[in-house]
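Asks:
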Amino acid sequence: MRTMISAVVIATAIASPVFAENAHDHGDKNQGANNGMMMGMMNHDQMMAMHDHMKKMHALMSEIKTETDPEKRQQLMNEHMQTMQEGMQMMNMGNGMKGGKKMDKMDITKRMDMMEKHMGMMQKMMGQMMDHQSEANKSNEHQHK
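Quick note: to get the numbering used here, add 2 to the position in the sequence shown (first position is 1).
This is the structure we're talking about:
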């Protein structure tokens, strides 16, 4: 009996993506305004702006790591934190869809490419957050000695 339940669960899980592909297609091809992107995805211009923003954050972190003056270092840390917060806001710009409707369909390859780029940006943002915390801990260690 347990084997039968496991087989049904696995078969359902494998078949779900096939049925989900067209599950929300209501025939309205003119719903969104962002060239067929799903809610939460960035368009090309937004991705390029985010890329430039990530470069700025990376440059700030490089400065932080080489700065020896504690006051200047703290100023850079504050600027880096502000830049990270702005980056998070940039990444969340597409999440406020009116009515919560899915936007136009887009070619699956383009959609996957956009998702991959978005995930890469999120991973880089997490790296910046980890670096920021590491540098903040270093500042605290120097103050306590």
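Ideal placement from N, C-alpha and C gives every residue a C-beta, glycine not left out.
When we look at the beta-carbon of T70 and count the other beta-carbons within 10 Å, is it buried (16 or more) or exposed?
Replies: exposed
Asks: Between S136 and the rest of its own chain, which residues show a CB-CB distance below 8 Å, the 5 nearest in sequence each way excluded?
Replies: none
Asks: In terms of residue numbering, what span does the alpha helix (DSSP H) encompassing M108 cover?
Replies: Per DSSP, M108 belongs to no alpha helix (DSSP H) and is neither H nor E.
Asks: Of the choices D47, G89, E81 and M52, whose alpha-carbon is the least far from that of M63?
Replies: E81
Asks: From which residue to which residue does the alpha helix (DSSP H) around M56 run?
Replies: H46 to T68
Asks: CB-CB under 6 Å to M123, same chain, minus the five flanking residues each way: which ones, in chain order?
Replies: M52
Asks: Spatial neighbours of E88 within its chain, please: C-beta separation below 8 Å, excluding the five flanking residues on both sides.
Replies: H55
Asks: State the Cα-Cα distance for the pair H46 and D115, rounded to the nearest angstrom.
Replies: 11 Å
Asks: Would DSSP call N94 helix, strand or coil?
Replies: coil
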